[in-house]
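I have placed the structure first, in the form of structure tokens, so that the comments after it can refer back to it.
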Amino acid sequence: MYQEAIATPRLESWPWHLLGFILPVVVVYGNLVGGYWVVAGTLVALGIFPIIDFFSKQAAPERVAEVNKFAWNTILTGHSIAQILVVSTLLWRALQDGGQWTTWAAAASTAMSSGASGIISAHENGHRKKGSPLWWLARLNLLSVLYLHFTTEHNHGHHRNYATAVDPVSAPKGRGLWVHLGIAIP
1089 MYQEAIATPR LESWPWHLLG FILPVVVVYG NLVGGYWVVA GTLVALGIFP
1139 IIDFFSKQAA PERVAEVNKF AWNTILTGHS IAQILVVSTL LWRALQDGGQ
1189 WTTWAAAAST AMSSGASGII SAHENGHRKK GSPLWWLARL NLLSVLYLHF
1239 TTEHNHGHHR NYATAVDPVS APKGRGLWVH LGIAIP
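Right under this line is the structure:
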């Protein structure tokens, strides 16, 4: 029975990726409600999610060529729209609270969500046909995180030079995290 479990690959299922909407929903809620709720996104991203991840270690599921493209594109589009909502609610919070701590805490929570819903979905959508609606959505998301040069840098730098000394984001063995971040982040 144990051998059977090892031999049978687990296929990636798209419904699990809907859990990725937890963070943007928490951030939007915190930004709208205000008060101590503005830190909820940061607590979820840096506290709750890592704890869940630590206790649920599993091998990554195997990806197959035949995927439900409609489902994946819908999830990507949803994250792109969520990113716009997250940034919009941050701007609203800033209008309400000005330079108060709640605005700064909301900005930190928004940054956590922007790293997932903003940059990751923009990264995937940036690989779409230039000029397509998903490609434009990628551009809008990258604008929302002030990182419009990402597509050029990523697609024409990283993909072309992947795993070579020329690629700043391919970490050689032994390079520490903080050194790598200093080199990889423009």
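First residue of the sequence shown: 1089, per my numbering; consecutive thereafter.
C-beta: ideal position from N, C-alpha, C; glycine also.
Report the option in the options whose CA atom is closest to the CA atom of residue i.
i, options, result
"residue 1161", "1106, 1268, 1238", "1106"
"residue 1234", "1223, 1203, 1259", "1203"
"residue 1199", "1241, 1176, 1227, 1187", "1176"
"residue 1213", "1201, 1130, 1259, 1164", "1164"
"residue 1103", "1207, 1169, 1157, 1139", "1157"
"residue 1101", "1159, 1128, 1137", "1159"
Throw me the rounded Cβ distance for the residue i and residue j pair, which I believe falls under 8 Å.
i, j, result
"residue 1174", "residue 1205", "7 Å"
"residue 1122", "residue 1190", "6 Å"
"residue 1110", "residue 1126", "Not confirmed; about 17 Å, so no contact."
"residue 1171", "residue 1232", "6 Å"
"residue 1226", "residue 1210", "4 Å"
"residue 1224", "residue 1217", "Not quite, the Cβ-Cβ distance comes to about 11 Å (not below 8 Å), so this is no contact."
"residue 1112", "residue 1168", "Actually they do not touch by this definition, with Cβ atoms about 10 Å apart."
Between the segment 1113-1127 and the segment 1192-1201, can you find at least three pairs of beta-carbon atoms closer than 8 Å? Result yes; three or more Cβ-Cβ pairs closer than 8 Å.
Alpha helix (DSSP H) segments (min. 4 residues) lying fully within the segment 1103-1128: The DSSP assignment places 1110-1121 as complete runs of the alpha helix (DSSP H) inside the segment 1103-1128, in order along the chain (cut-off: 4 residues).
Counting only runs of 3+ residues fully inside the segment 1201-1257, write out the beta strand (DSSP E) ranges in chain order. Runs of the beta strand (DSSP E) inside the segment 1201-1257: none found.
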